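Okay, structure first, notes after.
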Amino acid sequence: MLEKGKISSGEFLIMVIIFNIGGAILTLPSVLVSLAKQDGWIAYIIATLIGLCFVLLFTRLALLYPSMNYIEVNEKIFGIWIGKISALLFLLYLYYLSSALLSEIGNFFSTQVLVETPMEMIMILFILTSLFGARLGLEVICRTAFFFFPWLVLLLFILFVFLIPDIKFENLQPVFEEGMKPIMRGSYHSLALPYVQLVFFLMITPYVHEKAEMKKNFYLGTILGGGVLFLVIIFSILVLGADNTARLNYPSYKLGMRISIGNFFERVEVIVAFIWVFTEYFKLTICFYGLALGLAQLLGLKNYKILLFPLAFLILTFTIFSHPDIVHYQNFMATAWTPLSLTICFILPLLLLIVGKIRKK
Amino acid sequence: MWAIIGTVCTGAIISFFEIPPLIKKKCWKEIVIFVLLLLVGMTLSILIIKDITIPTPIDWITKIYSPLAHFMDRILS
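Line by line, the protein sequences give chains W and F.
Okay, so the first sequence: first residue is 17 according to this note's numbering, each after it adds one.
Okay, so the second sequence: first residue is 452 according to this note's numbering, each after it adds one.
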C-alpha cells in the first residue's frame with residue numbers, strides 16, 4: 017500500500033463538489049451558451065442527468081473491488097499487460113488534464129488580473145504550491161479542502177444574492193428557439209468538461225472510510241456541484257444575456273463586475289476569481305497527486321513522493337509546448353476533447369466493469 | 452543563457468536533496484526512474500528556452516479523432 021491515509025465520507029463529498037466546480041466555473045458558461053444560445057440551462061440539465069449515469073457506472077466499478085484503486089483494478093481485471101496499457105492511457109489523460117488546468121490558470125491571470133507578469137512565472141508559483149500539497153498526501157489535501165469549504169459557500173452566496181437585482185427574465189426568451197439540435201450539441205460538449213472526469217475519484221475511493229456513505233455522497237456531490245454550475249450558467253444568461261455570454265471568454269468573471277449595491281459595494285469580481293482559484297487549486301493538486309500515485313503503482317515503486325518534482329517539471333513544460341496559442345487550445349477543446357474524454361473515461365471503465373463482472377462469476 | 456543555468460541548477464538541487472536518502476535505502480529502481488524523468492523534463496525546458504519548436508502530441512490526437520468529431524458534429528447540427 018503506497019497511501020496509508022484514510023479520509024471520511026464527508027471530506028469525499030466536499031472533494032467531489034470542488035472537483036465539479038473547479039475548472040468549469042469560468043469557461044463552461046461561454047462554451048455552452050455559444051452552442052445552445054439562451055437554452056444553455058436546459059442543455060446543462062440534460063448533461064447533469066447523463067452525468068449521474070456516469071456516476072452510477074463509477075460507483076459500481078468502485079464497489080467491485082473496494083480495496084483497490086483504478087490502476088490496481090485495471091491490472092487485476094485485464095491482466096498485467098493490457099491492464100498496464102489501459103492504466104497508462106488513463107495516466108496520460110490525467111497528465112494532460114493537469115497541464116490544461118495549469119494553462120487555464122496562466123491564461124486567466126495573464127489576461128485579466130496580473131497583466132504584466134509573465135505567464136510562466138504564475139504557472140511556476142502555482143505548480144510549486146500544488147507540489148507542497150501533493151507531497152503532504154491525501155489526508156492533508158482533503159482536510160484543507162474541508163476547512164476552506166465554508167468560505168467557498170459564503171462567497172458563492174454573496175455572488176448570487178447580490179446579482180438578484182440585475183436579473184432580466186426577457187433574456188431567457190424565446191425558449192426552444194431553434195429546436196432540440198443545438199441543445200443536444202451543447203450538452204454533448206459539456207459532458208466532457210466536468211462530469212466524465214469524475215472517473216478520477218476511482219483513484220481515491222479505496223481510502224474512504226464508509227463505503228455505503230461514499231456511494232451516496234458521490235451522487236450528492238455531483239448534484240450539488242452541478243447545481244452551483246447550473247446557477248452560474250443561468251445567472252450568466254439572465255444578467256448578461258446569451259449574446260454577451262457567448263462572446264466573453266470569462267462570463268462569470270464579468271458577472272462579478274456587474275454587482276453594484278448603492279454605489280459603494282462594487283468591483284467585487286475578485287470574489288469570482290477567488291472561488292475559481294480555490295477550486296482550481298484543489299482540482300490541480302488532487303490530479304497531480306493521483307498522477308504521481310498512479311505512476312508509482314504502475315511502475316511498482318515503493319514511494320510516490322519521489323516522482324513529484326520531476327512530474328512538476330514535465331507538467332510545466334507540457335503546458336508551455338502543448339498549445340502554441342489560445343486558438344489552438346480552443347480548437348482542440350471544440351473538436352477532439354469530448355470524444356477523447358469519452359473514450360478514456362467512459363468506454364474503458366465500461367469495458368472494465370463488463371469484463372470484471374464476467375470474471376467474478 | 453541564465454535561464455538554462457537556472458534550470459540545470461534547479462535539477463541539481465532537487466537531485467541533491469532527493470537521491471542520498473534513496474541510496475541509503477538501496478532503492479535503485481526509484482533512482483533510475485527519478486533521474487530519467489528529471490532528464491526528460493530538463494531537456495524539454497531547455498528546448499523551450501532555446502525557442503525550438505517541439506511537435507505537440509495534441510495535433511496527433513486531433514488527427515486521430517477528427518473523423519469521429521466531424522461525425523458527431525454532423526449528427527448534432
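Note that CB positions come from ideal geometry on N, CA and C, so glycine has one too.
On a predicted model such as this, the values are computed, not experimentally measured, just so you know.
Minimum C-alpha distance to residue i - residue among the options
i, options, result
"W/GLY6", "W/PRO267, W/SER357, W/LEU65", "In this structure chain W extends from 17 to 377, so residue 6 of chain W is not present and cannot be described."
"W/PHE192", "W/ALA59, W/CYS361, W/GLU88", "W/ALA59"
"F/ILE503", "W/PRO340, W/CYS361, W/SER357", "W/PRO340"
"W/GLY306", "W/GLU88, W/VAL343, W/ILE37", "W/GLU88"
"W/LEU154", "W/PHE216, W/PRO181, W/ILE220, W/VAL169", "W/ILE220"
"W/LEU364", "W/TYR109, W/THR133, W/ILE37", "W/TYR109"
"F/SER517", "W/ALA352, W/CYS361, W/LEU366, W/GLY372", "W/ALA352"
"W/LEU72", "W/LEU218, W/ALA116, W/PRO134", "W/LEU218"
"W/GLY243", "W/LYS318, W/PRO181, W/PHE176, W/LYS100", "W/PHE176"
"F/TRP479", "W/LEU317, W/VAL248, W/ASN85", "W/LEU317"
"W/THR261", "W/VAL49, W/LEU18, W/LEU247, W/LEU168", "W/VAL49"
Residue i, enclosing alpha helix (DSSP H) - first and last residue
i, result
"W/THR160", "154-179"
"W/ILE291", "285-315"
"F/ASP510", "508-527"
"W/CYS69", "56-80"
"W/PRO45", "40-52"
"W/GLN346", "342-350"
"W/HIS225", "Element bounds for W/HIS225: n/a, residue is neither H nor E."
"W/ASP259", "258-263"
"F/CYS478", "Element bounds for F/CYS478: n/a, residue is neither H nor E."
"W/THR333", "324-338"
"W/GLU27", "25-37"
"F/THR504", "Here F/THR504 belongs to no alpha helix (DSSP H), and DSSP marks it neither H nor E."
"W/PRO198", "197-206"
"W/PRO267", "267-274"
"W/PHE124", "96-124"
For residue j and residue i, believed in contact at Cβ under 8 Å, the rounded distance
i, j, result
"W/LEU332", "W/ILE143", "6 Å"
"W/THR335", "W/LEU51", "Their Cβ separation, rounded to whole angstroms, is 26 Å, which puts W/THR335 and W/LEU51 out of contact at 8 Å."
"W/LYS231", "W/LEU79", "7 Å"
"F/LEU519", "W/PRO355", "5 Å"
"W/PHE298", "W/ALA103", "Their Cβ separation, rounded to whole angstroms, is 24 Å, which puts W/PHE298 and W/ALA103 out of contact at 8 Å."
"F/SER466", "W/PHE329", "Wrong, their Cβ atoms sit about 12 Å apart, outside the cutoff."
"F/ILE509", "W/SER357", "Between W/SER357 and F/ILE509 the Cβ distance is about 14 Å, and since that is not below 8 Å, they are no contact."
"F/ILE482", "F/ILE470", "6 Å"
"W/ILE249", "W/TRP57", "6 Å"
Close beta carbons around residue i, own chain, < 8 Å, minus the five adjacent residues each side
i, result
"W/ILE62", "ILE199, MET200, SER203"
"W/LEU209", "GLY39, ALA40, THR43, LEU44, VAL47"
Residue-level contact to chain W via CB, residue i, 8 Å cutoff
i, result
"F/PHE467", "no"
"F/GLY457", "no"
"F/ILE512", "yes"
"F/MET523", "yes"
"F/ALA463", "no"
"F/CYS478", "yes"
"F/ILE499", "yes"
"F/MET493", "yes"
"F/ILE509", "yes"
"F/ILE407", "Not covered by the structure: residue 407 of chain F. The range shown for chain F is 452 to 528."
"F/ILE484", "yes"
Cutoff 8 Å: residue i Cβ touching any chain F Cβ
i, result
"W/LYS53", "no"
"W/MET349", "no"
"W/LEU245", "no"
"W/MET200", "yes"
"W/ALA258", "no"
"W/TYR204", "yes"
"W/PHE106", "no"
"W/ALA352", "yes"
"W/HIS339", "yes"
"W/LEU441", "Outside the modelled stretch of chain W, which goes from 17 to 377, sits residue 441 of chain W, for which no answer is possible."
"W/LYS197", "yes"
"W/PRO355", "yes"
"W/THR329", "Reading off the sequence shown, one finds Phe at residue 329 of chain W, where the question assumed Thr. Output row for W/PHE329: interface = yes."
"W/LYS20", "no"
"W/LEU315", "yes"
"W/LYS232", "no"
"W/ILE336", "yes"
"W/LYS318", "yes"
"W/PRO326", "yes"
Residues of its chain near residue i, where Cβ-Cβ distance is below 7 Å and the 5 sequence neighbours each way are ignored
i, result
"W/LEU171", "ILE287, PHE290, ILE291"
"W/ILE380", "There is no way to answer for residue 380 of chain W, as the model of chain W reaches only from 17 to 377."
"W/PHE124", "LEU42, TYR266"
"W/LYS377", "none"
"F/LEU498", "ILE505"
"W/VAL224", "ILE23, SER25, PHE28, MET230"
"W/LEU311", "LEU107, LEU323"
"W/PRO222", "PRO82, SER83, MET84, ASN85"
Close-in-space but distant-in-sequence residues of the same chain around residue i (CB under 6 Å, 5 per side omitted)
i, result
"W/GLN54", "LEU188, ILE253, ALA258"
"W/THR301", "SER146, GLY149, ALA150, ILE157"
"W/GLY237", "LEU29, VAL32, ILE33"
"W/LYS227", "PRO82"
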